[in-house]
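The sequence shown begins at 12 in the working numbering and counts up one residue at a time.
We put the beta carbon where it would ideally sit given N, CA and C, even for glycine.
The structure appears right after this line, and notes come after that.
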Amino acid sequence: MSQLVPTVFTESTTWTRDSHDLFDYESQHVVRRDFALNQTVRFVRSNDDVRMEDASVEALSRPREESDYLMKCINFDSRFMIQPADKQSDGSRLIPKRLWLVVKEVRFGPHTLTEGDIIKLGRFKLRVRQLCADSEDQLVRPDLSGSETATAAARCAPPEADGMPCRICLLEASGSDEDDPLIEACACRGSIRYVHLGCLRHWIQGRLCLGGNDGLNAPHTYLFRQLACELCRVNYQTNVILHDGTTSQLVPLPETKAPYLVLENMSSMHSKGVYVISLAGRKALKLGRGHESDVRIADVSISRWHATVSFADDGRFILEDHNSKFGTLVAMRRPKLINASTDDDVAGAACPILTVQAGRTVFRISTRKPRRVESSDEKTIPAEGNVAPGLAEQHVLAAQSL
């Protein structure tokens, strides 16, 4: 008796150069493998070799070398769930890799940004911290206070600090002055412990080149980052607690016209900060390394014009790739459901319906016509991780030079 076995076809492409978990979409030095799966499996990689393993087998310590755990495919009857690698127990030989959605190959239109999305441009990571789609013609001040700043704030000088000098203007002042109080902004002690709030604000605004606080020339894009004291090297707090108990921003941010979005830098190789990007009166903004970019990121893995952010008429923020070398990626925060094809007449079933990247390996997942096999001949993946003979697999090495 024969039965119809729904199948998902997966092509893995691995860049032969191991560099910061990047994949070069322009390189021809890649290793390709084709897989056909109809059960729950996981994909792992050793060096340049990608293979399937039975996901039900524990991957505890064995003589085999450590492998990168790329992703997991779960079979629910005729549907498949693509999910990121599971967190492994101590002693496991598998090293989980984060799974990313490849924006340049999204089949069903451009990617819509949501708050909390993590974007990867080359090796540079940004988190979508805030989206404001308000279309009213007014200026607003972005709220950049996070959970880490809820309890940490600079404080005004106590009454016994009367007569202490401000370390910037060197004028003696009263710690209880409500208009321009002395504050304790960092870890400095002695005669340089206190500084006027107004003096510190003026100094920080000059360092950050924010501008636009007069509400007349609100900038489209600016980078706000925490500055550190040049003496004690302690970061200045984002907020300050005034004498009346109210909390105010240490440096008021420029007012920005909506729609705008706030992107937080998550990359350790660059100084931490947030990009405030306004799309008011503009169709799109360029992200890249070039001088003409609206958001300029000076990193060698970023293309000159890497990606574009635009605001749609229906209130969505759209992210699109601009044929970048290392791709524009969005972290997968939840599993993706794929319906395996069981209809011979499904149009375009052979086209990739999902493209994801894990480290330097890209997976293109597609559905095609199902194949008929005999029930008695159905194969499973051996526990030791070799691909069963019944599963289609092809290994192609492209050795052409760039």
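Inter-residue spacing [alpha-carbon to alpha-carbon] between residue i and residue j
i	j	result
R244	R375	47 angstroms
G301	F87	46 angstroms
E126	D97	24 angstroms
E266	S335	32 angstroms
R293	S314	22 angstroms
D332	W111	14 angstroms
R204	C180	13 angstroms
D191	A168	11 angstroms
A318	L137	13 angstroms
D310	G102	36 angstroms
T339	K115	7 angstroms
K131	Q368	11 angstroms
R218	Q237	11 angstroms
E183	M175	5 angstroms
L261	R166	10 angstroms
G120	Y233	29 angstroms
F235	E37	34 angstroms
F91	N276	34 angstroms
I129	P346	15 angstroms
C240	L211	10 angstroms
A323	F135	25 angstroms
G256	S202	26 angstroms
H31	G209	43 angstroms
T366	R62	18 angstroms
L221	C143	20 angstroms
S377	L150	46 angstroms
L348	H213	53 angstroms
D325	D59	44 angstroms
Cβ-Cβ distance between residue i and residue j below 7 angstroms
i	j	result
G370	D79	yes
V42	Q141	no
S67	T372	no
L33	R152	no
S312	G133	yes
A295	S278	no
L298	V306	yes
L242	C199	yes
I364	R118	yes
T25	H40	no
Unbroken beta strand (DSSP E) run spanning residue i, endpoints
i	result
C167	A165 to C167
G217	Careful: G217 lies outside any beta strand (DSSP E), inside the alpha helix (DSSP H) at L208 to L219.
R44	V41 to L48
W26	V19 to W26
F34	Here F34 belongs to no beta strand (DSSP E), and DSSP marks it neither H nor E.
M175	Counting along the chain, M175 falls outside any beta strand (DSSP E), and DSSP gives it neither H nor E.
L193	L193 to E195
M92	R90 to P95
M82	S78 to F87
G301	No beta strand (DSSP E) contains G301, which DSSP labels as neither H nor E.
S289	V285 to S289
DSSP-derived helix/strand/coil call for residue i
i	result
S321	strand
P10	Since the first residue shown for the chain is 12 and the last is 413, residue 10 is missing from the structure and cannot be characterised.
G201	helix
A373	Going by the sequence as given, residue 373 is Val instead of Ala. Of the three classes helix, strand and coil, the one that applies to V373 here is strand, per DSSP.
V114	helix
R56	strand
R236	coil
F337	coil
T366	strand
M277	coil
P346	coil
Q260	strand
E189	coil
K131	strand
E183	strand
H254	coil
Q99	coil
I106	strand
D427	Only positions 12 to 413 of the chain appear in this structure, which leaves residue 427 out of reach.
Y271	strand
Cβ-based neighbour list, residue i, same chain, cut-off 6 angstroms, excluding 5 preceding and 5 following
i	result
L124	V139, F328 and L330
Q50	N86
Q94	K83 and P346
S289	H231, T267, K268 and Y271
Cutoff 8 angstroms; reference residue i; Cβ partners in own chain excluding five residues on either side
i	result
A161	Any reading at A161 needs caution, since the residue's pLDDT is 47, under 50, leaving its predicted position unreliable; the model's value is listed next. Closer than 8 angstroms at the Cβ level, and outside the excluded window around A161, lies no residue.
V206	C177, R178, I179, L193, I194 and A196
I215	L238, Y247, L261 and V262
Contact set for residue i: own chain, Cβ-Cβ below 7 angstroms, skip 5 residues either direction
i	result
E189	H254
A164	Q248, N250, V251, I252 and T258
K108	D79, Y80, L81, A96, A369 and G370
A291	K268, A269 and P270
G359	Confidence is the limiting factor: at G359 the pLDDT is only 47, short of 50, which leaves the residue's position unreliable and the question unanswerable from this model.
7 angstroms Cβ cutoff, residue i in contact with chain D
i	result
G301	The structure shown contains no chain D; it holds only a single protein chain.
Residue i CB to nearest heavy atom of the ligand FAD below 6 angstroms
i	result
G127	The model on display carries no ligand, and the ligand FAD is accordingly not part of it.
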